[in-house]
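Visitor:
Number of protein chains: 2
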Amino acid sequence: MKILQAIIRNYLETGEPVGSRTISKYTDLNLSSATIRNEMADLEEMGYILQPHTSAGRIPSDAGYRLYVDLMMAEKEREVEEMKEVLLEKEDRLDNLLKQTAKLLAVNTNYATMISAPSLYHNKLKFLQLSRVEKNQLLAVIVIEGNVIKNTILDVDEVLTDETLLKLNILLNTHLNGMAVEEINLPLITALKRQAGIHSEIISEVIDAVAEAIKADDNLEIYTSGANNIFKYPELADHQRASELINTFEEKKELTELVKETLAEENQTGIQVYIGKESPLENMDDCSIVTATYELGEGMKGTIGIIGPKRMDYDKVVDNLKNVMRQLDAVYRKD
Amino acid sequence: MKILQAIIRNYLETGEPVGSRTISKYTDLNLSSATIRNEMADLEEMGYILQPHTSAGRIPSDAGYRLYVDLMMAEKEREVEEMKEVLLEKEDRLDNLLKQTAKLLAVNTNYATMISAPSLYHNKLKFLQLSRVEKNQLLAVIVIEGNVIKNTILDVDEVLTDETLLKLNILLNTHLNGMAVEEINLPLITALKRQAGIHSEIISEVIDAVAEAIKADDNLEIYTSGANNIFKYPELADHQRASELINTFEEKKELTELVKETLAEENQTGIQVYIGKESPLENMDDCSIVTATYELGEGMKGTIGIIGPKRMDYDKVVDNLKNVMRQLDAVYRKD
DNA sequence: TGTTAGCACTCAAAAGAAGAGAGTGCTAAT
DNA sequence: ATTAGCACTCTCTTCTTTTGAGTGCTAACA
Chain B
1 MKILQAIIRN YLETGEPVGS RTISKYTDLN LSSATIRNEM ADLEEMGYIL
51 QPHTSAGRIP SDAGYRLYVD LMMAEKEREV EEMKEVLLEK EDRLDNLLKQ
101 TAKLLAVNTN YATMISAPSL YHNKLKFLQL SRVEKNQLLA VIVIEGNVIK
151 NTILDVDEVL TDETLLKLNI LLNTHLNGMA VEEINLPLIT ALKRQAGIHS
201 EIISEVIDAV AEAIKADDNL EIYTSGANNI FKYPELADHQ RASELINTFE
251 EKKELTELVK ETLAEENQTG IQVYIGKESP LENMDDCSIV TATYELGEGM
301 KGTIGIIGPK RMDYDKVVDN LKNVMRQLDA VYRKD
Chain G
336 MKILQAIIRN YLETGEPVGS RTISKYTDLN LSSATIRNEM ADLEEMGYIL
386 QPHTSAGRIP SDAGYRLYVD LMMAEKEREV EEMKEVLLEK EDRLDNLLKQ
436 TAKLLAVNTN YATMISAPSL YHNKLKFLQL SRVEKNQLLA VIVIEGNVIK
486 NTILDVDEVL TDETLLKLNI LLNTHLNGMA VEEINLPLIT ALKRQAGIHS
536 EIISEVIDAV AEAIKADDNL EIYTSGANNI FKYPELADHQ RASELINTFE
586 EKKELTELVK ETLAEENQTG IQVYIGKESP LENMDDCSIV TATYELGEGM
636 KGTIGIIGPK RMDYDKVVDN LKNVMRQLDA VYRKD
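Chains B and G, in that order, are what the protein sequence lines are.
Residues 1 to 335 (my numbering) make up the first sequence, in order.
Residues 336 to 670 (my numbering) make up the second sequence, in order.
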């Protein structure tokens with residue numbers, strides 16, 4: 001077991017297959033290379049390590065990494081964490097805070113990072129207002145708990161009087177204010193439309209637009225950083241792979257899959273590790289992904305992901321993630 | 336001259352140094368390779384082509400490309416343009432329209448693209464409203480010509496009465512509505528503050544925030560697409576270069592330089608070509624950049640850039656750009 | 001005078017050959 | 001159980017050879 005750890009540790013650092021002699025010399029096990037070789041043969045039979053070719057050293061298999069990671073996570077559980085503060089500065093806008101977070105993590109870990117904007121489903125509408133901008137254009141402003149602001153411009157067919165507009169505003173506010181985003185569903189909308197009477201057409205348009213505005217963004221707001229870090233790891237940097245990875249980061253569409261998967265699968269710490277093929281993303285067989293679910297205030301959950309080679313420094317990554325999660329929380333409370 | 340064109344055309348396609356035999360066989364000039372060789376020697380002396388090594392074919396020098404591009408642009412001037420429509424769909428939000436544009440160009444040209452959000456300096460404020468969201472939080476919504484919407488949340492110290500808020504709104508609207516963004520400068524702000532009387536503190540905060548909101552974004556809103564296209568061109572795809580390029584696209588900071596440069600340097604068509612070292616960007620010695628200045632409505636100017644290898648298909652790129660510019664204009668008018 | 005055939009020459013890139021060395025598995029001894 | 005010793009394997013590096021596309025120059029030709 002110690003030997004497996006030693007092999008993996010060494011491989012994490014160097015990225016080169018590691019031989020029996022190296023282990024024998026650079027650990028405090030005081031075993032000769034021959035002994036190590038015997039053990040290695042066993043470990044290989046058990047499927048934890050493998051040989052790229054007969055006369056090369058060993059590298060960890062996915063199963064080997066898995067064992068190692070599980071072990072480490074268990075240790076972390078007990079460990080009292082103490083870390084130098086990595087600093088997130090206060091930001092008045094959520095998107096900037098998230099961008100900053102992604103970048104910070106990328107710089108500190110040397111891996112590629114992503115962060116999804118928190119889901120707003122459980123959040124309540126705090127403020128809602130329709131204003132006329134042009135004769136037949138309305139501006140709808142919606143503020144959601146956490147000071148997330150959404151706007152839409154609506155084109156309306158008929159010209160609205162000031163009075164009508166006022167009525168509409170009152171109607172909308174009475175019914176929607178304080179309501180959670182997830183509660184704005186079809187029955188509610190239908191009910192509202194009925195109450196609107198002559199203005200039902202407008203109401204219909206408005207509400208649909210509001211629902212749209214909230215949900216549309218919710219799918220896709222993902223910020224990434226440090227994509228070019230992949231070039232630091234030869235095993236990811238060949239054209240084929242690099243191109244695919246860069247594309248995934250640019251498109252971001254696939255990353256939403258990762259977000260969904262992560263949010264679905266709850267565990268105690270909120271941190272999950274996907275090694276190689278375990279990953280929910282395509283073309284990531286040679287990568288590992290560490291994800292964390294962060295929470296801002298009540299129920300605003302989002303996902304942070306760190307993507308690097310399988311031989312990433314899991315220990316450091318997990319520490320960084322935990323640290324950032326704590327800070328995100330702190331910064332948010334200050335706002 | 337015909338020979339230079341032939342050499343460049345061939346090199347654009349293949350990316351390989353081109354020899355005399357190739358030219359002699361695959362053009363309708365009906366000249367033997369020996370003749371071509373003589374001409375080539377002359378062209379080399381004039382500095383339009385060069386030899387990677389003695390026993391290789393020739394590749395165009397920057398000067399060669401320049402000559403070729405100038406020639407082509409002059410021809411384009413006269414040419415009646417006729418192109419299949421590349422379709423931009425109507426989008427109610429400007430940012431989505433721009434993202435779509437970038438992506439479309441990237442897919443059609445197979446190069447990396449960027450597009451900057453139009454500058455709003457000459458645009459007028461169309462709508463401005465302060466609302467109370469919490470006891471001591473104000474929401475400022477600003478709509479600018481072209482339906483660009485900005486919001487800021489302001490923390491205020493004292494709690495404002497409804498009446499004060501109303502007054503503030505009136506004051507702000509009377510003075511700022513219809514004003515161009517560039518006109519909101521220090522003297523104006525000072526004048527306003529004076530008029531505000533007891534509320535001068537708030538006014539001060541509000542106006543500063545408004546100015547901030549408008550200008551802050553103005554610097555940096557750049558959308559990119561197709562960064563991974565660079566892997567399609569071996570001369571750009573080695574680790575060093577690729578990493579730098581990808582970084583430039585991700586950071587976007589440097590790209591603002593390009594935008595400024597382009598907007599400053601006016602020419603008739605609005606299209607500019609930077610070859611190799613001519614580029615205003617660092618680390619782009621092996622790239623060419625074609626930029627265009629687009630205009631949405633009155634004075635909302637922005638920049639589109641296409642970045643590829645020096646042997647990019649300038650012809651196709653220019654056509655695509657012109658086409659997209661025309662469509663951007665059309666789509667915008669529809670809005 | 002412009003064009004072309006012919007030929008010797010150059011040089012990068014591909015192919016082949018040789019050697020080094022890191023690492024292994026197995027056996028026999030401690 | 002552990003280890004020293006040894007033959008064996010196979011990649012990687014280095015060096016050499018071969019190949020071939022392309023050149024420049026000269027001499028002949030229209």
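Glycine is no exception: its CB is placed at the ideal position from the N, C-alpha and C atoms.
How far does the beta strand (DSSP E) with T496/G in it extend, from its first residue to its last?
Guide: Along the second sequence, read from residue 1 onward, the residue named residue 496/G stands at position 161. Premise fails: T496/G is in no beta strand (DSSP E) and is neither H nor E.
Visitor: Alpha carbon to alpha carbon, what distance is there between G47/B and L67/B?
Guide: To locate residue 67/B, count along the first sequence from 1; it is residue 67. To locate residue 47/B, count along the first sequence from 1; it is residue 47. When rounded, the distance between both Cα atoms is 11 Å.
Visitor: So, is K277/B buried or exposed, given that buried needs 16 or more other C-beta atoms within 10 angstroms?
Guide: For the purposes of this step, residue 277/B is taken as residue 277 along the first sequence, with counting starting at 1. Exposed, since its Cβ has fewer than 16 Cβ neighbours within 10 Å.
Visitor: Which word fits L422/G, buried or exposed, when buried means at least 16 other C-beta atoms lie within 10 angstroms of its C-beta?
Guide: What you label residue 422/G is simply residue 87 of the second sequence in a count that begins at 1. Per the 10 Å Cβ criterion, exposed.
Visitor: Using a C-beta to C-beta distance shorter than 9 Å, which residues of chain G count as neighbours of Q129/B?
Guide: Position 129 of the first sequence holds residue 129/B. Neighbours of Q129/B on chain G, chain order: Q464, S466, L474 and V476.
Visitor: Distance check for N108/B and N320/B, CA to CA, integer angstroms please.
Guide: Reading the first sequence from its first residue, position 320 is the one you call residue 320/B. Reading the first sequence from its first residue, position 108 is the one you call residue 108/B. Between N320/B and N108/B, the C-alpha separation is close to 8 Å.
Visitor: Please name the residue in I537/G, I606/G and N520/G whose C-alpha comes closest to that of K502/G.
Guide: Taking the first residue of the second sequence as position 1, residue 502/G is located at position 167. Checking every option, the nearest Cα to that of K502/G belongs to I537/G.
Visitor: Step through the CB atoms of chain B and report whether any lies within less than 8 Å of the CB of I624/G.
Guide: Position 289 of the second sequence holds residue 624/G. No, no contact with chain B.
Visitor: Among I479/G, I505/G and K528/G, which residue has its Cα nearest to the Cα of E517/G?
Guide: Counted from its first residue, the second sequence places residue 517/G at position 182. Here the closest residue by C-alpha is I479/G.
Visitor: Considering only residues of the same chain and omitting the five flanking positions on each side of H122/B, which have a CB-CB separation below 8 Å?
Guide: Start at 1 with the first residue of the first sequence, and residue 122/B comes out as number 122. Contacts found: A180, V181, E182, E298, G299 and M300.
Visitor: Given a cut-off of 8 Å on the beta-carbon distance, is the pair K645/G and I606/G in contact?
Guide: Within the second sequence, numbered from 1, the residue matching residue 645/G stands at position 310. Within the second sequence, numbered from 1, the residue matching residue 606/G stands at position 271. Against a cut-off of 8 Å, the Cβ pair of I606/G and K645/G comes out as no contact.
Visitor: Which chain B residues sit within Cβ distance under 8 Å of S578/G?
Guide: Taking the first residue of the second sequence as 1, we reach residue 578/G at position 243. The contacting residues are N228 and F231.
Visitor: Under a Cβ-count criterion, where at least 16 other Cβ atoms within 10 Å of its own Cβ denotes burial, should N228/B be classed as buried or exposed?
Guide: Sequence index remark: in the first sequence, residue 228/B carries index 228 (1-based). By the 10 Å Cβ count, N228/B comes out buried.
Visitor: Kindly confirm or deny that the stretch 384-398 of chain G and the stretch 346-354 of chain G touch, where touching means at least three C-beta pairs closer than 8 Å.
Guide: Contact holds: three or more Cβ-Cβ distances are below 8 Å.
Visitor: Compute every distance between the C-beta of S243/B and the non-hydrogen atoms of the ligand COA, then say whether any falls below 7 Å.
Guide: Judged by which ligands are present, the structure shown has none, so any question about the ligand COA falls away.
Visitor: How about R132/B and L160/B: are their beta carbons less than 8 Å apart?
Guide: By one-based count along the first sequence, residue 132/B stands at place 132. By one-based count along the first sequence, residue 160/B stands at place 160. Contact flag set, yes.
Visitor: What are the uninterrupted segments assigned as beta strand (DSSP E) that are 3 or more residues long and contained completely in the stretch 101-156 of chain B, given in chain order?
Guide: With a minimum length of 3 residues, the continuous beta strand (DSSP E) runs that stay inside the stretch 101-156 of chain B are 112-116, 125-134, 137-144 and 148-155.
Visitor: What are the boundary residues of the alpha helix (DSSP H) that L188/B is part of?
Guide: The count along the first sequence starts at 1 and reaches residue 188/B at position 188. Residues L186 to A196.
Visitor: Where do the ends of the beta strand (DSSP E) carrying S368/G lie?
Guide: Along the second sequence, one-based indexing puts residue 368/G at 33. Note, S368/G: premise wrong, no beta strand (DSSP E); alpha helix (DSSP H) at S368 to M381.
Visitor: One question on the structure: do L245/B and I230/B come within less than 8 Å of each other, judged by their Cβ atoms?
Guide: Taking the first residue of the first sequence as position 1, residue 245/B is located at position 245. Taking the first residue of the first sequence as position 1, residue 230/B is located at position 230. A contact, by the Cβ cut-off of 8 Å.
Visitor: Between N147/B and chain G, is the shortest Cβ-Cβ distance under 8 Å, so that the two count as touching?
Guide: Taking the first sequence and counting its residues from 1, the one referred to as residue 147/B is at position 147. Yes, N147/B lies at the interface with chain G (some Cβ there is under 8 Å from its Cβ).
Visitor: Bridge partners for G305/B per DSSP, in chain order?
Guide: For the purposes of this step, residue 305/B is identified with residue 305 of the first sequence, where counting begins at 1. Answer is M114/B and T291/B.
Visitor: In whole angstroms, what is the alpha-carbon distance linking N504/G and I524/G?
Guide: As a working mapping, residue 504/G is identified with position 169 in the second sequence. As a working mapping, residue 524/G is identified with position 189 in the second sequence. Computed Cα separation, rounded: 15 Å.
Visitor: Over the uninterrupted beta strand (DSSP E) stretch that includes I222/B, give me the two end residues.
Guide: Along the first sequence, one-based indexing puts residue 222/B at 222. From DSSP, the beta strand (DSSP E) with I222/B extends over I222 to S225.
Visitor: Which partner residues of V353/G appear in the DSSP bridge assignment?
Guide: Looking up residue 353/G in the second sequence gives position 18. Answer by DSSP bridge pairing, in chain order: R393/G.
Visitor: Per the contact definition of three or more C-beta pairs closer than 8 Å, is the stretch 126-141 of chain B in contact with the stretch 234-249 of chain B?
Guide: The stretch 234-249 of chain B, when compared against the stretch 126-141 of chain B, does not touch it at the 8 Å Cβ threshold.
Visitor: Between the C-alpha atoms of Q662/G and N136/B, what's the straight-line distance to the nearest angstrom?
Guide: Residue 662/G sits at position 327 when you count from the first residue of the second sequence. Residue 136/B sits at position 136 when you count from the first residue of the first sequence. Whole-angstrom Cα-Cα distance: 25 Å.
Visitor: Check each candidate in L281/B, A237/B and N267/B and name the one with the smallest Cα separation from K252/B.
Guide: Looking up residue 252/B in the first sequence gives position 252. It is L281/B whose Cα lies nearest to the Cα of K252/B.
Visitor: For the alpha helix (DSSP H) that contains I246/B, what are its first and last residues?
Guide: For the purposes of this step, residue 246/B is identified with residue 246 of the first sequence, where counting begins at 1. H239 to E251 is the span of the alpha helix (DSSP H), which, as asked, contains I246/B.
Visitor: Should the stretch 248-263 of chain B be called in touch with the stretch 104-118 of chain B, which here means at least 3 C-beta pairs below 8 Å?
Guide: Yes: the two stretches touch, three or more of their Cβ pairs being nearer than 8 Å.
Visitor: Any C-beta of chain B sitting closer than 8 Å to the C-beta of I538/G?
Guide: What you label residue 538/G is simply residue 203 of the second sequence in a count that begins at 1. No, because no Cβ of chain B sits closer than 8 Å to the Cβ of I538/G.
Visitor: Going along the chain, which residues of its own chain have a beta-carbon closer than 6 Å to the beta-carbon of K595/G, five neighbours each way excluded?
Guide: Counted from its first residue, the second sequence places residue 595/G at position 260. There are no such residues.
Visitor: When you compare the CB of E498/G with every CB in chain B, is at least one pair closer than 8 Å?
Guide: For this step, residue 498/G is matched to residue 163 along the second sequence. No, E498/G lies away from the interface with chain B (no Cβ there is under 8 Å from its Cβ).
Visitor: Between K581/G and chain B, is there a C-beta pair that is closer than 8 Å?
Guide: Position 246 of the second sequence, counted from the first residue, corresponds to residue 581/G. Note on residue identity: the sequence assigns Ile, not Lys, to residue 581/G. Chain B, which has a Cβ nearer than 8 Å to the Cβ of I581/G, makes this yes.
Visitor: Listed from N- to C-terminal order along the chain, which residues in the stretch 433-462 of chain G have their beta-carbon within a distance smaller than 9 Å of any beta-carbon of chain B?
Guide: Within the stretch 433-462 of chain G, the qualifying residues are K461 and F462.
Visitor: Tell me the DSSP secondary structure of Q51/B in three-state form.
Guide: Mapped onto the first sequence, residue 51/B falls at position 51. It is coil, neither helix nor strand.
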